[in-house]
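Down below is the structure, laid out as structure tokens.
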Amino acid sequence: MPRTPFFLALRPLRPLGSAPDPEVFHPKRGSGDLDLGPVSRQGGPMPHDHDHPHALLPPDPALRVKALETILVGKGLVDPAALDEIIDIYQNRIGPQNGARVVAMAWSDPGVKARLLSDPVPFLQELGYYGRQGEHVTVVENTAAVHNMIVCTLCSCYPWPLLGIPPGWYKSDAYRARAVRAPRAVLAEFGVRLPEGKAVRVWDSTAEMRYLVLPERPAGTEGWPVEALARLVTRDSMVGTGLAREPGT
Amino acid sequence: MSRLHDMGGRIGDGAVNPADDTPYTQDWQGRALALTMATEELGTWSIDSSRHAGERLIPHDYMNFSYFEKWLASLADLLVARGLVSEAELRRGAAAGVSGLADRMLKPGDVGAMAASGAPSERSLKAPARFANGERVRTRRPARNILVDQGHTRLPSYAAGCVGEVVNCHGAHVLPDSNAHDLGEAAEPLYSVRFAARELWGRAENPDDAVTLDLWESYLEPEAGA
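These protein sequence lines map, in sequence, to chains A and B. Using my numbering, the first residue of the first sequence is number 1082, and each one after it goes up by one. Using my numbering, the first residue of the second sequence is number 5, and each one after it goes up by one.
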């Protein structure tokens, strides 16, 4: 192992794949830290907006990703089989079916619902629905009086372990720009019209807290098993741009 | 004042297209996401630095790149900035040699565990939270990083200088304004603060509508003024 590069020596790392350890991950920060100056370029104290090494790569995105992958594989930093595995896992194992099952369980069991609304992470861990981009979760409940809707105006934060990789519209400028100012107009574009008396609560995901909407349970589903209920729970109903399906639709 | 990523409330984007409902429309996009996740595992940058790299794309690139093109560009920039890849390697499209960090490479067998693990941002609360639920607070104005001029912050411009009500404290969380710039985690209490839509926009689609944001303690002061 060569000696530690300067940037590793300088910066405290956020733990990857470990529980928070407040004793270890509390580096001291003094005023002198602000003098790092040009030592740390990217993300360092003095941002240089003219730095753009990416322009050295081919402009076509498919060629660009190929070139970057070739370099990183050549450097021994990336295994192409691991990339295949990442794509496969988020295509086939981690997706909105996870969130739909959680919602159906909450509809079926008041105890589950109470846990989800008060402290969801331990319960999600029991189900195996914990992980990357879902370390901290808040579940917000739709009622006859309130409709909740989730957005990330600054980037595209989304509860991956429960809903997978976000759809194109969630990452679009139009959604990010408009969901906070005109949520009812956006809902109409999704075919959802709310009664005047129902309040809209938009949650802008500005921190590492990820949000899941617990949609209202459709009428006429009393006594349904969890698996049947889960089929009524759409991805959009858990982001708040949709409602759960009515039985028979 | 703000950068282009800070687009909440912007006017003129037109309708959302609900039919654009898949994570990717082309294979390279999934590859770009996977490449980003795999290199993140090398452990040389935090999610805050990574977000900041995306935000630092020059306006021309930010406006013209599609979503995953932004990821790719900021990844290439980060790799060079952190010394993992050289500009010469980018130019040549080939590695000049094996990296000293090759022993950290994500292996295919570890991908499942990686996805199921996380990097929690919560830390122990060192001092009592300053604000209680129900308290009215005012956000910093203008929205900016006070540690680093023109630096990363998670206070959107549309909520700067607005008064809202604390609805929850999530405990102490790593402060992105510090961590994105390698100045330490500087964890602070993080609050959900609810703002009436009328407070944010001057008018509301409906008088009862509200927007809730997660905001760090240093972004806030009591409504009456500190």
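A virtual CB, placed ideally from N, CA and C, is assigned to each residue, including glycine.
Helix, strand or coil: which one does DSSP assign to A:P1240? Taking the first sequence and counting its residues from 1, the one referred to as residue 1240 of chain A is at position 159. It is coil, neither helix nor strand.
Does any residue of chain B have a CB that is nearer than 8 Å to the CB of A:D1116? Counting from 1 along the first sequence, the entry for residue 1116 of chain A is found at position 35. Because the pLDDT of A:D1116 is 31, which lies under 50, any placement of that residue in the model is unreliable, and the question is left without a value.
So if DSSP puts A:Y1292 in a beta bridge, which residue, or which two residues, is it bridged to? Mapped onto the first sequence, residue 1292 of chain A falls at position 211. A:T1219, per the DSSP bridge assignment.
Looking at C-alpha atoms only, which residue of B:N183, B:Y66, B:A98 is the closest neighbour of A:V1154? Residue numbering aside, residue 1154 of chain A sits at position 73 when the first sequence is read from its first letter. Closest by alpha carbon: B:A98.
Since B:H174 and A:M1290 are thought to touch, with beta carbons under 8 Å apart, how far apart are those beta carbons, to the nearest angstrom? Position 170 of the second sequence holds residue 174 of chain B. Position 209 of the first sequence holds residue 1290 of chain A. Correct: roughly 6 Å between the Cβ atoms.
List, from N- to C-terminal side, the alpha helix (DSSP H) runs of 4 residues or more that fit wholly inside the region 27-52 of chain B. 31-44
Three-way DSSP call (helix, strand, coil) for A:P1328 in this model: Numbered from 1 along the first sequence, position 247 holds the residue referred to as residue 1328 of chain A. Coil at A:P1328, not helix or strand.
Boundaries of the alpha helix (DSSP H) in which B:I15 is found, first to last residue: Numbered from its first residue, the second sequence carries residue 15 of chain B at position 11. Neither: B:I15 is in no alpha helix (DSSP H) and is coded neither H nor E.
Going by other Cβ atoms of all chains shown within 10 Å of its Cβ, with 16 needed for buried, is A:V1146 buried or exposed? Locating residue 1146 of chain A in the first sequence gives position 65, counting from the first residue. Buried is the call here.
Just checking: is the beta-carbon of B:G18 within a distance shorter than 8 Å of some beta-carbon in chain A? On the second sequence, residue 18 of chain B is found 14 positions in, with the first residue counted as 1. So yes, B:G18 belongs to the interface.
From the DSSP output, which residues share a beta bridge with B:G168? Along the second sequence, read from residue 1 onward, the residue named residue 168 of chain B stands at position 164. B:G168 is bridged to B:V141.
Interface residues of chain B around A:R1282 at Cβ under 7 Å? Counted from its first residue, the first sequence places residue 1282 of chain A at position 201. Near A:R1282 (Cβ distances below 7 Å), the residues of chain B are A214, T216.
What residue does the beta strand (DSSP E) around B:D218 start on, and which one ends it? In the second sequence, counting from the first residue as 1, residue 218 of chain B sits at position 214. 214-220 is the span of the beta strand (DSSP E), which, as asked, contains B:D218.
CA-CA distance, A:N1223 and B:A106? The sequence position of residue 1223 of chain A within the first sequence is 142, counting from 1. The sequence position of residue 106 of chain B within the second sequence is 102, counting from 1. For A:N1223 and B:A106, the distance between alpha carbons rounds to 48 Å.
Going by DSSP, what residues sit across from A:I1231 in a beta bridge? In the first sequence, residue 1231 of chain A corresponds to position 150, counting from 1. DSSP lists A:W1284 as partners of A:I1231.
Tell me, please, whether the region 1259-1274 of chain A touches the region 1232-1241 of chain A by the rule of three or more beta-carbon pairs shorter than 8 Å. yes
For B:R198 and B:G165, which I take to be in contact (beta-carbon distance under 8 Å), what is that distance rounded to the nearest angstrom? Position 194 of the second sequence, counted from the start, is the residue given in the question as residue 198 of chain B. Position 161 of the second sequence, counted from the start, is the residue given in the question as residue 165 of chain B. That pair is no contact at about 16 Å.
Among residues of its own chain, excluding the 5 on either side of B:Y223, which ones have a beta-carbon nearer than 6 Å to its beta-carbon? Mapped onto the second sequence, residue 223 of chain B falls at position 219. These residues qualify, in order along the chain: T143, R144, L159.
Taking the Cβ atom as the reference point for each residue, do B:T39 and A:E1303 lie within a distance shorter than 8 Å? As a working mapping, residue 39 of chain B is identified with position 35 in the second sequence. As a working mapping, residue 1303 of chain A is identified with position 222 in the first sequence. Reading off the sequence shown, one finds Leu at residue 39 of chain B, where the question assumed Thr. Result no, Cβ atoms of B:L39 and A:E1303 do not sit closer than 8 Å.
Enclosing alpha helix (DSSP H) for B:E73 [first to last residue]: For the purposes of this step, residue 73 of chain B is identified with residue 69 of the second sequence, where counting begins at 1. 71-85 is the extent of the alpha helix (DSSP H) around B:E73.
With the cut-off set at 8 Å, would you say A:I1167 and B:V115 are in Cβ contact? Numbered from its first residue, the first sequence carries residue 1167 of chain A at position 86. Numbered from its first residue, the second sequence carries residue 115 of chain B at position 111. Contact flag set, yes.
Relative to chain A, which residues along the region 61-81 of chain B have a C-beta separation below 8 Å, given in chain order? L61, I62, D65, S70, Y71, F72, E73, L76, A77, S78, L79, A80, D81
Hey, how far is the Cα of B:R202 from the Cα of B:F72? As a working mapping, residue 202 of chain B is identified with position 198 in the second sequence. As a working mapping, residue 72 of chain B is identified with position 68 in the second sequence. Their Cα atoms are separated by approximately 34 Å.
Secondary structure of B:A190, DSSP reduced to three states: If you number the second sequence from 1, residue 190 of chain B lands on position 186. In this structure, B:A190 counts as coil in the three-state DSSP scheme.
Whose Cβ in chain B lies nearer than 8 Å to the Cβ of A:F1271? Here the question's residue 1271 of chain A lines up with position 190 in the first sequence. Per Cβ cutoff of 8 Å: V20, P22.
Following the continuous beta strand (DSSP E) through B:L224, name the residue where it begins and the one where it ends. Within the second sequence, residue 224 of chain B is the residue found at index 220, counting from 1. B:L224 -> beta strand (DSSP E) spans 224-226.
Proximal residues of chain B, C-beta to C-beta of A:V1294 below 7 Å: Taking the first residue of the first sequence as position 1, residue 1294 of chain A is located at position 213. Neighbours of A:V1294 on chain B: none; closest Cβ ~13 Å, over 7 Å.
Contact list for the region 1246-1261 of chain A against chain B, Cβ threshold 7 Å: I1246, P1247, P1248, G1249, W1250, K1252, S1253, D1254, A1255, Y1256, R1257, A1258, R1259, V1261
Using only CA atoms, which one of A:V1314, A:E1327, A:G1323, A:P1203 lies nearest to A:V1184? Position 103 of the first sequence, counted from the start, is the residue given in the question as residue 1184 of chain A. Here the closest residue by C-alpha is A:V1314.
So that I know if they touch, is there some Cβ in chain A lying closer than 8 Å to that of B:T29? Numbered from its first residue, the second sequence carries residue 29 of chain B at position 25. Yes, its Cβ sits closer than 8 Å to a Cβ of chain A.
Could you spell out the range, first to last residue, of the alpha helix (DSSP H) harbouring A:I1246? Within the first sequence, the letter at position 165 stands for residue 1246 of chain A. Here A:I1246 belongs to no alpha helix (DSSP H), and DSSP marks it neither H nor E.
Which residue wins for smallest C-alpha separation from B:A214, given the options A:L1275, A:P1264, A:V1273, A:G1323? Translated into positions along the second sequence, residue 214 of chain B becomes position 210. Considering only alpha carbons, the answer is A:P1264.
Given that A:P1031 touches chain B, what residues does it touch there, using C-beta distances under 7 Å? Shown here, chain A extends from 1082 to 1330; a query on residue 1031 of chain A therefore has no answer.
Proximity test, Cβ basis, 8 Å: A:P1119 and chain B: Here the question's residue 1119 of chain A lines up with position 38 in the first sequence. Only weak support exists for where A:P1119 lies, its pLDDT of 34 falling under 50; the coordinates are left without a value.
So A:P1201 packs on A:V1220, CB below 8 Å; how close in whole Å? For the purposes of this step, residue 1201 of chain A is taken as the residue at position 120 of the first sequence. For the purposes of this step, residue 1220 of chain A is taken as the residue at position 139 of the first sequence. Right, the Cβ-Cβ distance comes to about 5 Å (below 8 Å), so this counts as a contact.
Take A:R1182 and list the residues in its own chain whose beta-carbon comes closer than 6 Å to its own, dropping the five residues that flank it on each side. If you number the first sequence from 1, residue 1182 of chain A lands on position 101. Excluding positions up to five away in sequence, the list reads A1311.
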